[in-house]
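Reviewing the structure listed below.
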Amino acid sequence: MSKQLQFKLVLLGESAVGKSSLVLRFVKDQFDDYRESTIGAAFLTQTVALDDGTTVKFEIWDTAGQERYKSLAPMYYRNANCAVVVYDITQSSSLDKARNWIRELQRQADPSIIIALCGNKSDLAARRQVTQEEAQKYAEEEGLMWAETSAKSGDGVADIFTAIAKKLPTTAQPAARAGAARAGAATGRAGVDLNKQNAATSNDPCNC
Amino acid sequence: MDEEYDVVVLGTGLTECILSGLLSVEGKKVLHMDRNDYYGGDSASLNLTQLYRKFRPGQEPPAELGRDRDYAVDLVPKFIIASGELTKILVHTDVTRYLEFKQIAGSFVYRDGKISKVPSTEMEAVRSPLMGIFEKRRAKKFFEFLQGWKDEDPATHQGIDLDKDSMRSVYEKFGLEPGTQDFIGHAMALYLDDDYIDKPARPSYDRIVLYTSSMARYGKSPYIYPLYGLGELPQSFARLSAIYGGTYMLDKQIDEIITDADGKFVGVRSGEETVKAKQVIGDPSYFGAGKEGGKLRVVEEGKVIRAICILKHPIPGTEDSDSVQIIIPQNQVNRRNDIYIAMVSSTHNVCAKDVYVAIVSTIVETDRPEQEIAPGLQLLGPIYDKFVTVSPLYTPTADGKSDNIFVTRSYDATSHFETVVEDVQDVWKRVIGADLVLKKRDNVEVEQ
Ligand SMILES: Nc1nc2c(ncn2[C@@H]2O[C@H](COP(=O)(O)OP(=O)(O)O)[C@@H](O)[C@H]2O)c(=O)[nH]1
Ligand SMILES: [Mg+2]
Chain Z
0 MSKQLQFKLV LLGESAVGKS SLVLRFVKDQ FDDYRESTIG AAFLTQTVAL
50 DDGTTVKFEI WDTAGQERYK SLAPMYYRNA NCAVVVYDIT QSSSLDKARN
100 WIRELQRQAD PSIIIALCGN KSDLAARRQV TQEEAQKYAE EEGLMWAETS
150 AKSGDGVADI FTAIAKKLPT TAQPAARAGA ARAGAATGRA GVDLNKQNAA
200 TSNDPCNC
Chain H
0 MDEEYDVVVL GTGLTECILS GLLSVEGKKV LHMDRNDYYG GDSASLNLTQ
50 LYRKFRPGQE PPAELGRDRD YAVDLVPKFI IASGELTKIL VHTDVTRYLE
100 FKQIAGSFVY RDGKISKVPS TEMEAVRSPL MGIFEKRRAK KFFEFLQGWK
150 DEDPATHQGI DLDKDSMRSV YEKFGLEPGT QDFIGHAMAL YLDDDYIDKP
200 ARPSYDRIVL YTSSMARYGK SPYIYPLYGL GELPQSFARL SAIYGGTYML
250 DKQIDEIITD ADGKFVGVRS GEETVKAKQV IGDPSYFGAG KEGGKLRVVE
300 EGKVIRAICI LKHPIPGTED SDSVQIIIPQ NQVNRRNDIY IAMVSSTHNV
350 CAKDVYVAIV STIVETDRPE QEIAPGLQLL GPIYDKFVTV SPLYTPTADG
400 KSDNIFVTRS YDATSHFETV VEDVQDVWKR VIGADLVLKK RDNVEVEQ
């Protein structure tokens with residue numbers, strides 16, 4: 000019997016490094032040079048099948064552009080099981096921003112969060128400002144996964160998500176949020192579902 | 000910042016964030032700014048560092064309170080009433096997908112020096128010490144009357160006209176004792192004072208129905224609460240706004256509201272930058288509240304005192320509930336306004352394990368507000384730490400129709416968000432020129 004596990008995955012990183020493009024490549028295998036903004040792609044899901052028959056369903060949260068002026072809400076990365084922190088290999092400053100995000104996650108997120116550092120735009124290697132060695136060394140020091148990707152060519156994109164899927168715990172069901180609960184995962188929490196009308200109907204509203 | 004927007008929104012409190020989200024969904028181009036580097040304004044939830052920075056500048060939070068990130072301490076004590084308007088907005092906009100809710104475990108009311116549970120089941124009602132056996136029978140008749148009421152069927156009216164007869168006359172018709180009247184008016188209709196008694200009974204009827212239907216919805220109390228604190232609510236609506244193209248800027252000083260020669264809104268200035276927009280919406284703190292000089296766009300309508308109390312134990316007499324509301328009706332303590340206690344705990348992911356956060360609040364009546372909440376503080380047992388604020392309640396001086404400047408109201412002393420939604424609806428109507436109609440959100444966030 001194969002099992003399906005669901006996890007919340009968030010994208011972080013400076014504006015324009017290619018976060019939304021990575022999601023679009025991973026989920027729809029598309030790329031668009033002239034995509035204007037993130038509208039319409041802020042919450043997607045994609046499943047990854049592992050060799051042992053387990054399927055991992057990612058509930059993927061994109062930033063909706065709120066990273067642009069330092070305005071990403073903590074709610075965004077709260078309860079994330081995994082984070083893909085993206086930099087642009089042609090912009091060394093974007094790796095500094097990625098470092099800040101990783102520090103923030105280490106401070107605020109669940110300690111068990113899996114973080115992948117992702118150097119995007121590898122198709123533009125001619126304009127490279129961040130060496131593989133530098134990024135890899137940092138990732139090793141911090142215990143992060145690391146890879147280079149190109150949302151444009153597709154290189155490395157599926158691989159990094161699959162690698163994350165393999166690292167996620169396959170035993171315990173993660174405590175994902177309402178979205179996951181609605182998708183049918185048993186969260187085992189005594190929450191209330193606002194979308195369900197009259198959870199406890201009583202014939203007699205008189206309580207006295 | 001060079002672009003021109005339809006609406007600039009100032010402050011990321013819940014009122015502003017709901018408006019921002021709804022306006023973006025409506026297709027308006029929105030720029031949303033806040034002077035703080037966090038979301039929520041006056042309706043934020045703070046972690047320990049932020050809490051101590053705000054109330055005890057220079058002092059580190061005590062290590063024994065635990066990890067900073069376990070805390071989300073609300074500044075304003077409110078719960079969501081399950082069958083209310085905020086719930087409708089949450090569901091219609093689908094922001095429920097960002098949030099998880101839990102019940103508030105119990106509602107209590109203070110009478111003659113001790114607290115009793117507001118019954119949530121018939122079993123509890125039968126056992127409740129709040130009424131004697133004969134009074135229970137009379138109360139049952141009263142509730143059956145309310146439950147059976149149909150506007151179009153005079154046979155259900157028992158000679159009462161809800162729109163004309165006062166609530167007092169309704170109480171008298173059913174022979175309800177003053178203590179029961181207090182209970183109904185304050186613990187169920189959630190009136191803060193007794194002014195309602197001599198007014199037509201209709202609003203009281205509506206409020207009791209809201210309470211009982213909310214109680215019936217999930218069972219333990221009429222309230223629900225978002226995990227990680229109320230501050231999650233503005234953040235969720237901000238995300239909604241951003242997904243629909245809204246631009247967010249936190250940590251942005253607002254230096255000037257620019258108007259033309261006729262006083263009409265032109266734009267806002269932040270440092271050297273100016274951004275133009277057709278309309279501006281913002282909380283009172285961006286429009287001169289609490290400051291001298293400048294154009295006065297808000298007036299103070301009163302004050303609320305709120306004491307955030309950190310406890311190391313549940314509130315005595317509440318059956319060790321992990322979360323409660325306690326109402327101290329004004330008559331019980333010789334006041335004009337009720338005292339409220341709202342408590343949440345680690346069950347709601349707002350503090351470390353074995354810590355409880357209670358907020359005691361009331362509308363200020365004297366020049367010694369802290370003494371006024373003493374009856375509430377006394378119910379809490381030993382208080383580990385206490386952070387007190389006295390906040391003026393501001394209300395706008397103009398409706399914005401002539402100058403395109405729309406100011407929201409401060410968060411009041413009521414225990415839920417229904418007046419916040421009223422403000423949202425009211426501002427919406429003035430900004431858009433039509434009533435707010437909630438549309439089911441398209442599935443922009445594609446599920447595959
Ligand atoms: N050459 C190249 N361009 C990319 C790649 N990924 C994204 N882009 C471009 O970079 C810009 C910003 O991408 P976007 O996904 O919106 O970045 P975000 O702000 O991080 O979400 C867009 O013009 C994309 O077309 C990539 O792998 N290679
Ligand atoms: Mg993007």
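Residue numbers (numbering that gives the first Met the number 0), protein chains in the order written: chain Z, 0 to 207; chain H, 0 to 447.
For glycine and all other residues, C-beta sits at the position ideal for the given N, C-alpha and C.
Within 9 angstroms of any Cβ in chain H, is that where the Cβ of residue i sits?
i	result
G178 of chain Z	Residue confidence is low: G178 of chain Z scores 42 on pLDDT, short of 50, so the model does not pin down where it sits. Its coordinate-derived value is still stated next. Yes, G178 of chain Z lies at the interface with chain H (some Cβ there is under 9 angstroms from its Cβ).
F42 of chain Z	yes
L4 of chain Z	no
N194 of chain Z	yes
V55 of chain Z	no
V191 of chain Z	yes
Q90 of chain Z	no
Q107 of chain Z	yes
D203 of chain Z	Bear in mind that a pLDDT of 44 at D203 of chain Z, under 50, signals an unreliable position, so the model cannot answer this.
Report the three-state DSSP secondary structure of residue i (helix, strand or coil).
i	result
G105 of chain H	strand
N78 of chain Z	coil
H453 of chain H	Within the shown structure, residues of chain H are numbered from 0 to 447, placing residue 453 of chain H beyond reach of any answer.
L8 of chain Z	strand
D73 of chain H	strand
C308 of chain H	strand
E271 of chain H	coil
Q45 of chain Z	strand
N194 of chain Z	coil
T53 of chain Z	coil
H156 of chain H	coil
E84 of chain H	helix
P202 of chain H	helix
E143 of chain H	helix
A116 of chain Z	The sequence given here has Leu at residue 116 of chain Z, not Ala. Note: L116 of chain Z maps to strand in three-state DSSP.
W145 of chain Z	strand
F173 of chain H	coil
G179 of chain H	Reading off the sequence, residue 179 of chain H comes out as Thr, not Gly. DSSP places T179 of chain H in helix when its eight states are reduced to three.
Hey, would you say residue i sits closer than 9 angstroms to residue j, going by beta carbons?
i	j	result
V343 of chain H	D321 of chain H	yes
E15 of chain H	M74 of chain Z	no
R335 of chain H	I304 of chain H	no
I253 of chain H	I404 of chain H	no
K172 of chain H	Q157 of chain H	yes
D337 of chain H	D192 of chain H	yes
D259 of chain H	V267 of chain H	no
L249 of chain H	S23 of chain H	no
S220 of chain H	I326 of chain H	no
G280 of chain Z	A146 of chain Z	Shown here, chain Z extends from 0 to 207; a query on residue 280 of chain Z therefore has no answer.
N78 of chain Z	S111 of chain Z	no
Y227 of chain H	V349 of chain H	yes
L30 of chain H	T92 of chain H	no
V22 of chain Z	D61 of chain Z	yes
G105 of chain H	E318 of chain H	yes
L18 of chain H	G39 of chain H	no
G178 of chain H	L98 of chain H	no
Could you confirm whether any beta carbon from chain Z is found closer than 9 angstroms to the beta carbon of residue i?
i	result
S235 of chain H	yes
Y38 of chain H	yes
Quick check on residue i - is its C-beta less than 9 angstroms from some C-beta in chain C?
i	result
T62 of chain Z	The structure shown contains no chain C; its protein chains are Z and H.
For residue i, verify whether its CB is less than 8 angstroms away from any heavy atom of ligand 3.
i	result
K151 of chain Z	The ligand content of the structure shown is limited to ligand 1 and ligand 2, which means ligand 3 is not among them.
Check: When Cβ atoms are compared, which residues of the region 65-81 of chain Z fall closer than 8 angstroms to chain H?
Finding: Q65, R67, Y68, K69, S70, A72, P73, M74, Y75, R77
Note to self: Residues of the region 233-262 of chain H in Cβ contact with chain Z at a cutoff of 8 angstroms, in chain order, please.
What the structure shows: Q234, S235, A237, R238, A241, I242, Y243, G244, T246, Y247, M248, L249, D250, K251
Next item on the list: Could you run through the region 206-231 of chain H and flag, in chain order, every residue whose CB is less than 7 angstroms away from some CB of chain Z?
Entry: When C-beta distances to chain Z are compared with 7 angstroms, the residues of the region 206-231 of chain H below that value are T211, S212, M214, A215, R216, Y217, G218, I223, Y227, E231, in chain order.
Notebook entry, point to check: Any residues in the region 96-114 of chain H with a beta carbon nearer than 9 angstroms to a beta carbon of chain Z? Which ones, in chain order?
Noted result: Against chain Z - using a Cβ distance shorter than 9 angstroms - the residues of the region 96-114 of chain H are R96, Y97, L98, E99, F100, K101, Q102.
Next item on the list: Residues of the region 69-99 of chain H with a CB closer than 7 angstroms to any CB of chain Z: list them in chain order, please.
Entry: T86, L89, V90, T95, R96, Y97, L98, E99
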